[in-house]
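A.B. asks: Take a look at this one; I'll ask things after.
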Amino acid sequence: MNYRHIYHAGNFAEVCKHNILILLLDFLTKKETPFCYIETHAGKGNYDLSSLEAKKSKEYQDGIKLLLKSHTLSTVLQNYLNKILSFNDTTPKHPILRHYPGSPLLAQTFLRPQDKAILMELHHEDIIELKRLFARNKQVGVHHIDGYQGIKAFLPPQEKRGIIFLDPPFEAKTEFSQLIESIKLINLRWSQGMVAIWYPIKARRDIDWFHRQLQQSGIKKILMAELCILPDDIAVRLNGSGMIIINPPWQLDERLTELLNDLSPILAKKNPQKPTIKWLVTE
Ligand SMILES: C[S@@+](CC[C@H](N)C(=O)[O-])C[C@H]1O[C@@H](n2cnc3c(N)ncnc32)[C@H](O)[C@@H]1O
Numbered sequence: 010m011n012y013r014h015i016y017h018a019g020n021f022a023e024v025c026k027h028n029i030l031i032l033l034l035d036f037l038t039k040k041e042t043p044f045c046y047i048e049t050h051a052g053k054g055n056y057d058l059s060s061l062e063a064k065k066s067k068e069y070q071d072g073i074k075l076l077l078k079s080h081t082l083s084t085v086l087q088n089y090l091n092k093i094l095s096f097n098d099t100t101p102k103h104p105i106l107r108h109y110p111g112s113p114l115l116a117q118t119f120l121r122p123q124d125k126a127i128l129m130e131l132h133h134e135d136i137i138e139l140k141r142l143f144a145r146n147k148q149v150g151v152h153h154i155d156g157y158q159g160i161k162a163f164l165p166p167q168e169k170r171g172i173i174f175l176d177p178p179f180e181a182k183t184e185f186s187q188l189i190e191s192i193k194l195i196n197l198r199w200s201q202g203m204v205a206i207w208y209p210i211k212a213r214r215d216i217d218w219f220h221r222q223l224q225q226s227g228i229k230k231i232l233m234a235e236l237c238i239l240p241d242d243i244a245v246r247l248n249g250s251g252m253i254i255i256n257p258p259w260q261l262d263e264r265l266t267e268l269l270n271d272l273s274p275i276l277a278k279k280n281p282q283k284p285t286i287k288w289l290v291t292e
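In this text, residue positions in the sequence shown follow the numbering used here: the first is 10, and each later residue adds one.
Okay, structure coming up:
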């Protein structure tokens, strides 16, 4: 495993991904009944944007930094930015952005006393930091395990309601096919659970294959949302990112349209692209 997420923390794709995740978590808190948050590829949980790695890639400058500079954020985007800034020593007049919280920390902010989280991470260094981060939190279980294997170990959760989030590194060429196998397994074990899968948009033919496989899987209610910041005609660069949501909450498609329409002019300033929100499979 060569992938190190610190190079990408807070980039444009993370901003899209985490905003969508926040929408989904917000929906889950609308009912009093407990929910379980499960993440197969959790990362280390918190990223220092002043580290050598983040400074070297500078990716966050085309992501979270653009939101920080914007003076016209929608309420949803301002709430997201405030959440990110709440992990920093900052004041409204002097926003300082040094720490970018990963998905586990963001998810934790939505847990109520009755809820639970199960986090999995395979990297031997990241898992140490992730365990340290949640050491005193009894609601959050952190596991050093291959996330794809973890699906067999942890599904279905006791709570019955909840979400499983898959955010693999896409280092291996087989990642899309591995995801398809895992999605089918998740559906067998926890058909009522919400499933979110993030993916990078590089070569369009890979994405088309992935979507076709989902459409032929027999699984119902599959929504996809994509935002590109560059035309998707060069396979070796990250042109955009997408999220698949299975069993989405009611009216999520409308909320996603608003969200990505707000994000597009900020993140894709030089190259405005229209977001795509589409049902791959309906009821
Ligand atoms: C894209 S990052 C996750 C970022 C995190 N979800 C977030 O949004 O903050 C992918 C993570 O998966 C880990 N990883 C790679 N292969 C894995 C596997 N088979 N099982 C679990 N974790 C894995 C990597 O070490 C990396 O930390």
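Backbone N, C-alpha and C define an ideal beta-carbon position, used for all residues, glycine too.
What do you reckon, is the C-beta of His133 under 7 Å from a heavy atom of ligand 1?
C.D. replies: no
A.B. asks: Can you list, in chain order, the residues of its chain with a C-beta nearer than 6 Å to that of Met203? Leave out the 5 residues immediately preceding and following it.
C.D. replies: Excluding residues within five positions, the ones whose Cβ falls inside 6 Å are Ile172 and Asn256.
A.B. asks: To the nearest angstrom, how far is it from the Cα of Ala181 to the Cα of Lys102?
C.D. replies: Using only the alpha carbons, I get a separation of about 44 Å.
A.B. asks: Looking at Tyr12 and ligand 1, is the gap between the Cβ and the nearest heavy atom below 7 Å?
C.D. replies: yes
A.B. asks: Use the C-beta contact count for His133: other C-beta atoms within 10 angstroms, 16 or more gives buried, fewer gives exposed.
C.D. replies: exposed
A.B. asks: Using only CA atoms, which one of Phe21, Glu138, Leu34 and Leu106 lies nearest to Asp2?
C.D. replies: Past the edges of the chain, shown from 10 to 292, lies residue 2, and the structure says nothing about it.
A.B. asks: Nearest by alpha-carbon distance to Ser273: which of Asp262, Gln260 and Ser250 is it?
C.D. replies: Ser250
A.B. asks: Cα separation between Ile73 and Ser60?
C.D. replies: 16 Å
A.B. asks: When DSSP labels each residue in this structure, what does His17 get in the three-state scheme?
C.D. replies: Coil at His17, not helix or strand.
A.B. asks: Less than 8 Å between the CB atoms is what I'm expecting for Leu90 and Leu82, so what's the real figure, rounded?
C.D. replies: 6 Å
A.B. asks: Cβ of Pro209 versus every heavy atom of ligand 1: is any distance shorter than 7 Å?
C.D. replies: no
A.B. asks: In the DSSP assignment, the alpha helix (DSSP H) including Asn196 goes from what residue to what residue?
C.D. replies: Glu184 to Arg198
A.B. asks: Relative to ligand 1, is the shortest distance from any of its heavy atoms to the C-beta of Tyr157 smaller than 7 Å?
C.D. replies: yes
A.B. asks: Check each candidate in Thr291, Asp242, Lys64 and Glu235 and name the one with the smallest Cα separation from Leu106.
C.D. replies: Lys64
A.B. asks: Going straight from the alpha carbon of Glu235 to that of Leu142, what length do you get?
C.D. replies: 31 Å
A.B. asks: Whole angstroms are fine: how far does the CA of Thr100 sit from the CA of Arg198?
C.D. replies: 45 Å
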